[in-house]
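One structure is given here, and the rest of the page talks about it.
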Amino acid sequence: MTAEDSSPRFRSPEAALRFYFRASELLGDKTKPGLFSHKSSTRKAPRHPNAIVDFLTLDSCFSELNEVEIWLLRELYGPTCFGWTQRKVAELYKEARERFPNLQWTPQMVSRFKQRALTLIEERLKRSNLI
């Protein structure tokens, strides 16, 4: 095994999520995160990781997240078009209240959902040596 094989593939969970959502646009637009990993869970990972293996590994990280956390991560780390700015927190908060009206949304709640989701993703990525 070379040093290149053992080094982390991403600098942070946020960088990994940006890669995942950009790749998911190409591989399965509007596909729910976690779908690809369910189809390939019996396959053994190749010795030399590549972008597809990274994508499938990241996809498997979504299995422990709920619908709200998945939506929030997609909104925060999903791609934006050239010339478009990243969504403002106030816009995100407003859409969260409209999309999930049964939850009593507060800024602290958004922060908790984000932190819990990032923690779960980070743990899985560390186990897979992606960060």
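Going by my numbering, the sequence shown opens with residue 3, and the numbers climb by one from there. Ideal placement from N, C-alpha and C gives every residue a C-beta, glycine not left out.
Check your understanding: For T108, does the three-state DSSP call read helix, strand or coil?
Key -> coil
Exercise for review: Could you give the DSSP three-state label for P81: helix, strand or coil?
Suggested key: coil
Check your understanding: Pairing CB atoms from the segment 50 to 57 with CB atoms from the segment 107 to 124, are three or more of them under 8 Å?
Key -> no
Point to revise | Residue nearest to L127 in terms of C-alpha spacing, selected from P35, L67 and C63 | key: C63
Exercise for review: Determine the burial state of S26: buried for a count of at least 16 other Cβ atoms within 10 Å of its Cβ, exposed for fewer.
Suggested key: buried
**Study point:** With 16 other Cβ atoms within 10 Å as the buried cut-off, status of P15
**Key:** buried
Exercise for review: Taking P15 as part of the alpha helix (DSSP H), name the residues at either end of that continuous run.
Suggested key: P15 to L29
Check your understanding: Which residue from L120, Y22, Y95 and K96 puts its Cα closest to that of L67?
Key -> L120
Practice item. Consult DSSP for F64 and reduce its assignment to one of helix, strand or coil. Key: helix
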